[in-house]
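All remarks here apply to the structure that follows.
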Ligand SMILES: [Zn+2]
């Protein structure tokens with residue numbers, strides 16, 4: 001049977017793993033949260049007005065206006081399933097992207 005110390009250590013390792021995983025995902029998103037929310041507002045308005053043509057036209061237009069690197073932005077959006085403008089609106093959720101990293105229960 002595992003001692004309390006073993007259990008605590010396993011829990012610590014698991015938390016450390018989750019923190020590293022979340023940090024890796026978050027680092028793929030090249031925008032900070034206010035920028036991402038602005039991007040999503042822009043893309044959502046564009047999709048409502050013009051529909052989605054299965055590209056990231058609206059997202060790219062916003063990124064170019066704000067000097068955001070398109071390749072890095074695409075990698076970040078794809079990490080969350082945003083392969084075209086409507087998918088960006090549907091799948092990229094700032095609450096998920098910027099979920100607070102689990103902390104040790106001290
Ligand atoms: Zn689409």
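Residue numbers (the UniProt record's numbering): 1 to 106. Idealized CB from N, CA, C, for every residue including glycine.
Would the C-beta of residue i count as close to ligand 1, meaning under 8 Å from any of its heavy atoms?
i: residue 85; result: yes
i: residue 54; result: yes
Using DSSP with H/G/I as helix, E/B as strand and the rest coil, what is residue i?
i: residue 17; result: helix
i: residue 84; result: coil
i: residue 34; result: helix
i: residue 29; result: coil
i: residue 76; result: helix
i: residue 65; result: helix
i: residue 42; result: helix
i: residue 96; result: helix
Straight-line CA distance for residue i to residue j?
i: residue 13; j: residue 28; result: 23 Å
i: residue 40; j: residue 53; result: 16 Å
i: residue 30; j: residue 22; result: 14 Å
i: residue 48; j: residue 32; result: 24 Å
i: residue 72; j: residue 8; result: 38 Å
i: residue 85; j: residue 59; result: 6 Å
i: residue 70; j: residue 100; result: 26 Å
i: residue 6; j: residue 20; result: 21 Å
Worksheet item: Between the segment 29 to 44 and the segment 84 to 98, are three or more C-beta pairs nearer than 8 Å?
Response: Result yes; three or more Cβ-Cβ pairs closer than 8 Å.
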